[in-house]
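Below is one structure, written out as structure tokens, with a few remarks after it.
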Amino acid sequence: MSHDRSLLANAFDLARMPGATDDHRQLRDALRRFVDRELAPHATDWDEAGEFPRSLYRQAAQIGLLGLGYPAEYGGTPCDTLSRIIATIELTRAGSGGLIASLMSHTIMLGPLLAAASQSLCARIVPRILAGEAIGALAVTEASGGSDVARLATRAQLVDPRSPQAGWRLNGSKMFITSGMRADHYLVAARTGEPGARGISLFLV
Ligand SMILES: Cc1cc2nc3c(=O)[nH]c(=O)nc-3n(C[C@H](O)[C@H](O)[C@H](O)COP(=O)(O)OP(=O)(O)OC[C@H]3O[C@@H](n4cnc5c(N)ncnc54)[C@H](O)[C@@H]3O)c2cc1C
717 MSHDRSLLAN AFDLARMPGA TDDHRQLRDA LRRFVDRELA PHATDWDEAG
767 EFPRSLYRQA AQIGLLGLGY PAEYGGTPCD TLSRIIATIE LTRAGSGGLI
817 ASLMSHTIML GPLLAAASQS LCARIVPRIL AGEAIGALAV TEASGGSDVA
867 RLATRAQLVD PRSPQAGWRL NGSKMFITSG MRADHYLVAA RTGEPGARGI
917 SLFLV
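Here our numbering is used: position 136 in the sequence shown is 852, and no number is missing along the way.
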């Protein structure tokens, strides 16, 4: 499939953005080099193959892409909104939404994880994801619908603490999960309580 991958990127002119600094220009240039060399030449082949090499996560981490906008204590690089916009726009130059969604699937998972999980859990998981050593995914959508999260049917039940399987057992199925076939860590939404939005919890699987 061919794409006009320059349309959005060319419409965005960093020189005309108020507040743009040399740091923003350096970020744009580094990302553009990465996209031009490592992503765009292979995007169509990877789209057709339905996968791309896992090593790409480490490469993306090495240029600071995976950690952009995340806390320094977990190996990230905090940044401003313009930097996020630059990253998003430069990534469109790859010409493949599937590639970018998969390479960046941690960005939909880490927000809720950082907001809800303990610092010790984050310290165990987040640095590996930002270093490209592990893949993170968010698993919310299921056959009952994706927009209406409050209707999700996957259930989590507490297992008898005396049992060798003590902990939580999740029953249900998810669909349309980006990186769902090969993530190392899934943040899974499951029902632990009453019907509706208030009865839902997140589990790191
Ligand atoms: C490329 C891709 C990647 C995805 N990655 C993930 C992922 O990583 N993790 C994950 O959990 N999910 C993922 N999803 C699923 C995505 O979040 C859902 O597809 C989305 O939430 C819509 O859910 P649905 O497909 O079940 O459609 P539905 O919720 O059934 O909606 C169907 C249609 O009805 C409309 N609609 C729904 N509710 C209303 C309403 N109240 N009022 C008016 N119109 C309404 C919708 O706009 C849509 O047009 C992904 C989907 C795609 C396409």
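Even for Gly, the Cβ is constructed at its ideal location relative to N, Cα and C.
For ligand 2, I want to know if Thr808 counts as a neighbour, meaning its beta carbon is within less than 8 Å of at least one of the ligand's heavy atoms.
This structure does not include ligand 2; its bound ligands are ligand 1.
Output the distance between the C-alpha atoms of Thr908 and Ser917, rounded to the nearest integer angstrom.
Straight-line Cα distance between these residues: approximately 6 Å.
Segment contact, 8 Å Cβ cut-off, at least three pairs: the region 756-770 with the region 799-819
When Cβ pairs closer than 8 Å are counted between the two stretches, the region 756-770 is seen to touch the region 799-819, the count reaching three or more.
Does the Cβ-Cβ distance between Ala853 and Tyr773 come in under 9 Å?
Not in contact: Ala853 and Tyr773 (Cβ atoms no closer than 9 Å).
Taking its Cβ as the centre, do 16 or more other Cβ atoms sit within 10 Å of Gly883, making it buried, or is it exposed?
Exposed: under 16 other Cβ atoms inside 10 Å.
Between His740 and Ser836, is the Cβ-Cβ spacing less than 9 Å?
The criterion of a C-beta distance shorter than 9 Å is not satisfied by His740 and Ser836.
Restricting to Cα atoms, I'd like to know which of Ser860, Tyr790 and Pro880 is closest to Leu830.
That would be Tyr790, whose Cα lies nearest to the Cα of Leu830.
For Leu920 and Ile841, which I take to be in contact (beta-carbon distance under 8 Å), what is that distance rounded to the nearest angstrom?
Contact between Leu920 and Ile841 is confirmed by a C-beta separation of about 7 Å, below the 8 Å threshold.
Exposed unless 16 or more other CB atoms sit within 10 angstroms - verdict on Val875:
Classification of Val875: exposed, given that the 10 Å Cβ count is below 16.
Can you tell me the Cα-Cα spacing of Thr793 and Arg878, whole angstroms?
In this structure, the alpha-carbon of Thr793 lies about 43 Å from that of Arg878.
Hey, would you say the C-beta of Leu819 is under 8 Å away from at least one heavy atom of ligand 1?
With a cut-off of 8 Å, the C-beta of Leu819 is classified as distant from ligand 1, since no heavy atom of the ligand falls inside that distance.
Write down the C-beta distance between Met897 and Thr857 rounded to the nearest angstrom, noting that I regard them as a contact closer than 8 Å.
That pair is no contact at about 15 Å.
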